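Below: the structure, in structure tokens.
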Amino acid sequence: MKTALLLFTLLLSAGSLTWYFQDEQTRPCIEDWAKHTQALFSDASQYFRNPSSTDTPILEEDVLDQKLQDLLPTDSMDLSYRPQDDEMSKPTTLALDKPQSELLPNLFNPQQNEGTSLSGKVHMDEDDNIIGAEVQVAIPTSL
């Protein structure tokens, strides 16, 4: 019983000391709001009255424009095209002269040779809406 009474006394004294030494909670009041609003408006009016704060982006744009202008060719640069002599001696071939090879297999005609094959089917509902698909890819290992 003495231990419980001592423990209760310690907890009560610790709670009262904590409550006594805590900072007073400041609640927002209309005067603080008015001060903050007035400071906001005065800072904003000072920003718009002082045009020197907007000079730095213009300078950055000028620097960027100058860098882009430096990338353009100068008037003294020769931009004419003169092919090399060895390129002129090479025979020219048209694209139609070369045999055409398919980059992708023709999926509408079945292939008879051994190679990669692709097949599948589309699942549709009564209203002809696509609800799913199946795809089978066969890659032979004896290539």
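If you use my numbering, the sequence shown closes out at 1612, no skipped numbers anywhere.
For glycine and all other residues, C-beta sits at the position ideal for the given N, C-alpha and C.
Since the model is a prediction, treat every value here as computed from it, not as a measurement.
Helix, strand or coil for residue i per DSSP?
i            : result
residue 1586 : strand
residue 1548 : coil
residue 1596 : coil
Alpha carbon to alpha carbon, what distance is there between residue j and residue i?
i            : j            : result
residue 1600 : residue 1594 : 7 Å
residue 1518 : residue 1533 : 27 Å
residue 1485 : residue 1516 : 50 Å
residue 1548 : residue 1531 : 27 Å
residue 1507 : residue 1513 : 10 Å
residue 1551 : residue 1529 : 40 Å
residue 1463 : residue 1545 : With the chain covering only 1470 through 1612, there is no way to say anything about residue 1463.
residue 1540 : residue 1596 : 59 Å
residue 1592 : residue 1608 : 24 Å
residue 1489 : residue 1475 : 21 Å
residue 1498 : residue 1487 : 26 Å
residue 1479 : residue 1491 : 18 Å
residue 1502 : residue 1481 : 38 Å
residue 1613 : residue 1505 : The structure shown has nothing for residue 1613, since the chain only spans 1470 to 1612.
residue 1509 : residue 1500 : 14 Å
residue 1471 : residue 1477 : 10 Å
On the premise that residue j lies in contact with residue i, defined as a C-beta separation below 8 Å, what is that separation, rounded to the nearest angstrom?
i            : j            : result
residue 1606 : residue 1587 : 5 Å
residue 1602 : residue 1589 : 6 Å
In terms of residue numbering, what span does the beta strand (DSSP E) encompassing residue i cover?
i            : result
residue 1605 : 1599 to 1607
So the alpha helix (DSSP H) residue i belongs to, where does it begin and stop?
i            : result
residue 1544 : Per DSSP, residue 1544 belongs to no alpha helix (DSSP H) and is neither H nor E.
residue 1576 : Neither: residue 1576 is in no alpha helix (DSSP H) and is coded neither H nor E.
residue 1478 : 1471 to 1490
residue 1512 : 1499 to 1518
State the beta-bridge partners of residue i as determined by DSSP.
i            : result
residue 1591 : 1602
Under 9 Å, Cβ to Cβ, is there at least one residue of chain B near residue i?
i            : result
residue 1604 : Of the protein chains in the structure, only one exists, and it is not chain B.
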